[in-house]
Amino acid sequence: MLNKPIVAVTSFHEAYGIEIKDKPTANLPDQISTLRFNLMKEENEEYLTAAKEGDLVEVGDALGDMLYILCGTIIAHGFQNKIEAIFDEIQRSNMSKLGANGKPIYREDGKVMKGPNYFKPDLKKILGKD
111 MLNKPIVAVT
121 SFHEAYGIEI
131 KDKPTANLPD
141 QISTLRFNLM
151 KEENEEYLTA
161 AKEGDLVEVG
171 DALGDMLYIL
181 CGTIIAHGFQ
191 NKIEAIFDEI
201 QRSNMSKLGA
211 NGKPIYREDG
221 KVMKGPNYFK
231 PDLKKILGKD
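In the numbering used here, the protein residues as written are 111 to 240.
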């Protein structure tokens with residue numbers, strides 16, 4: 111799923127001397143976590159502008175840049191070998207959000223809400239933090 115983009119962004123990090131963590135960590139220097147946040151924020155804002163303007167090319171550019179930056183952030187935190195398992199567990203959890211009647215529950219803005227059978231993703235198991 112994300113292997114090709116992560117491999118590509120890893121080459122970028124190697125070529126430009128950007129640190130690559132080899133195991134998961136939540137602890138990055140403040141400067142790095144702030145940079146990663148600001149890069150994602152900037153691309154999210156560019157996406158919103160492009161989507162509101164109906165600019166297909168700029169939407170594609172923003173989405174591609176968002177994926178690139180997300181992959182860089184995954185690598186910066188050392189999650190590259192865990193992210194697919196994390197995604198799969200979050201998918202299982204998200205699919206448990208259906209209401210008691212088997213239908214989705216939506217908030218007024220369209221967000222899918224948690225139903226009675228919802229369970230939290232077990233990421234501790236994946237990250238070896240029992």
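Glycine included, each C-beta is placed from N, C-alpha and C at the ideal position.
Keep in mind the model is a prediction, meaning the values are calculated, not measured.
Check	Outcome
Proximity winner among Q190, K221, K239 and I179, relative to L145 (alpha-carbon distances)	I179
Three or more C-beta pairs below 8 angstroms linking the region 190-206 and the region 150-159	no
Between the CA atoms of L112 and F122 - distance to the nearest angstrom	15 angstroms
DSSP three-state assignment for Y228, whether helix, strand or coil	coil
First and last residue of the uninterrupted alpha helix (DSSP H) at K162	D140 to E163
Stretch-stretch touch, CB-based, cutoff 8 angstroms, three pairs: the region 223-234 with the region 205-214	yes
Extent of the continuous alpha helix (DSSP H) to which S121 belongs	N113 to Y126
Sub-8 angstroms separation of A186 and I236 beta-carbons	no
Any non-hydrogen atom of the ligand GTP within 7 angstroms of D171 CB	This structure lacks the ligand GTP; in fact it carries no ligand of any kind.
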